[in-house]
Amino acid sequence: MAKPINEHTHKVKTVIVPAAGLGTRFLPATKTVPKELLPVVDTPGIELIAEEAAALGASRLAVITSQRKKGVLGYFAADRQLEENLESKGKTTLLDKVRHAQHLIEPVEVIQDEPLGLGHAVGLAEQCLDDDEDAVAVMLPDDLVLPAGVMEKMAAVRNRLGGSVLCAFDVPRDEVSNYGVFDIADSDTGDPAVKKISGMVEKPAAEDAPSTFVAAGRYLLDRQIFTALKQITPGKGGELQLTDAIELLIEQGHPVHIVIHDGRRHDLGNPGGFIRACVDFALAHPAYAKGLRRYLTQRLKQDD
Ligand code: G1P
Numbered sequence: 001m002a003k004p005i006n007e008h009t010h011k012v013k014t015v016i017v018p019a020a021g022l023g024t025r026f027l028p029a030t031k032t033v034p035k036e037l038l039p040v041v042d043t044p045g046i047e048l049i050a051e052e053a054a055a056l057g058a059s060r061l062a063v064i065t066s067q068r069k070k071g072v073l074g075y076f077a078a079d080r081q082l083e084e085n086l087e088s089k090g091k092t093t094l095l096d097k098v099r100h101a102q103h104l105i106e107p108v109e110v111i112q113d114e115p116l117g118l119g120h121a122v123g124l125a126e127q128c129l130d131d132d133e134d135a136v137a138v139m140l141p142d143d144l145v146l147p148a149g150v151m152e153k154m155a156a157v158r159n160r161l162g163g164s165v166l167c168a169f170d171v172p173r174d175e176v177s178n179y180g181v182f183d184i185a186d187s188d189t190g191d192p193a194v195k196k197i198s199g200m201v202e203k204p205a206a207e208d209a210p211s212t213f214v215a216a217g218r219y220l221l222d223r224q225i226f227t228a229l230k231q232i233t234p235g236k237g238g239e240l241q242l243t244d245a246i247e248l249l250i251e252q253g254h255p256v257h258i259v260i261h262d263g264r265r266h267d268l269g270n271p272g273g274f275i276r277a278c279v280d281f282a283l284a285h286p287a288y289a290k291g292l293r294r295y296l297t298q299r300l301k302q303d304d
């Protein structure tokens, strides 16, 4: 499935998906079901990420996982018995759905033995890269960024301005301490939605945050990130932070820009965000939209 890098529209071959977390915010469900497999209507979050990666033109999904979450990779394997069963019953629509993930992208498993942080998880994926890859994408599966297409915009910015490009959201100041926060440089990029950044800090207190623009789970990183990841020391929470490696690149003169996304973002890692994502997807689903809209309208009236 791997194509030469020059045949990739956006020159990104590998998308790194950190998925080794314990999913504590989603217990008890995540005791046995990895949170990346919980269905947004009928499609697991990991398949939504694989679709986004394939749409970018990537051919490899480096899934950072742990021994107890083997099911995440298992989801991409063919299930012959199930497929034969559906085929014999003529259930072709279901068969196509079941086969969809395994034809999207080549998943590669990378085991993270210890939870040493996002920076550590991303660093482990270096072993998956070919020599001709000078950039990688990172997509955090907790973050569902809608509408699709932000990575393509980020790739266009990298083609124009070089360096690394991150997706940003503007959030209320009292929420910034949940995120990596950008320090915006005063420079004209020719596009108001694209800003150069002069620094990045992981989960600062609201009063110390350099802005209200935060990292939202989509990164297009120059390969130099792997050198920076080897140089950083444990940061916020005693973990190796991707934010700190990006900050180090900036200090070394590497250009980093953000694309401010004017859309929605759902946090699939907690039930509140997950429910909203399900509602959004169901309201756009031909089989469920009408009934759900009717139900929600009536149900909300009862709460008044
Ligand atoms: C991670 C990153 C943080 C980023 C966030 C986006 O934090 O460390 O910089 O803003 O993802 O969701 P986490 O949510 O894993 O604690």
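Taking the UniProt record's numbering, the leading residue of the sequence shown gets 1, the next gets one more, and so forth.
Just so you know, even glycine gets a beta-carbon here, dropped at the ideal spot from N, CA and C.
All values reported here derive from a predicted model rather than from experimental measurement.
Can you give me the C-alpha to C-alpha distance between residue i and residue j, rounded to a whole angstrom?
| i | j | result |
| --- | --- | --- |
| H10 | L296 | 41 Å |
| T243 | A216 | 12 Å |
| T233 | D208 | 21 Å |
| C167 | D188 | 18 Å |
| A19 | G263 | 24 Å |
| L220 | D183 | 18 Å |
| A155 | D174 | 31 Å |
| P34 | K301 | 35 Å |
| K89 | L82 | 11 Å |
| Q298 | G273 | 22 Å |
| L22 | R68 | 9 Å |
| R223 | R158 | 13 Å |
| A287 | D42 | 11 Å |
I want to check one thing, is the minimum distance from the CB of residue i to the heavy atoms of the ligand G1P below 6 Å?
| i | result |
| --- | --- |
| A62 | no |
| G263 | no |
| A228 | no |
| K24 | The residue you asked about is not Lys; residue 24 is Thr in the sequence shown. No, the beta carbon of T24 sits no closer than 6 Å to any heavy atom of the ligand G1P. |
| A215 | yes |
| Y295 | no |
| Y179 | yes |
| D170 | no |
| D143 | yes |
| T30 | no |
| L118 | yes |
| T233 | no |
| T243 | yes |
Determine the DSSP secondary structure at residue i, reduced to helix, strand or coil.
| i | result |
| --- | --- |
| G180 | strand |
| I275 | helix |
| S164 | strand |
| Y288 | coil |
| I197 | strand |
| L129 | coil |
| H10 | coil |
| D280 | helix |
| D191 | coil |
| F113 | Correcting the residue type first, residue 113 is Asp in the shown sequence and not Phe. Coil at D113, not helix or strand. |
| E239 | coil |
| L249 | helix |
| F76 | coil |
| I105 | coil |
| H120 | helix |
| R223 | coil |
| I49 | helix |
| L61 | strand |
| L144 | strand |
| A19 | coil |
Which word fits residue i, buried or exposed, when buried means at least 16 other C-beta atoms lie within 10 angstroms of its C-beta?
| i | result |
| --- | --- |
| H257 | buried |
| I46 | buried |
| H120 | buried |
| L27 | exposed |
| Q127 | exposed |
| Q252 | exposed |
| T14 | buried |
| G238 | exposed |
| A77 | exposed |
| residue 315 | Not covered by the structure: residue 315. The range shown for the chain is 1 to 304. |
| H266 | buried |
| T93 | exposed |
Should residue i be flagged as near chain D, meaning a C-beta pair shorter than 7 Å?
| i | result |
| --- | --- |
| P28 | No chain D is present in this structure, which holds just one protein chain. |
So is the beta-carbon of residue i under 6 Å away from any non-hydrogen atom of the ligand PLP?
| i | result |
| --- | --- |
| E133 | The ligand PLP is absent from the structure shown, which contains only the ligand G1P. |
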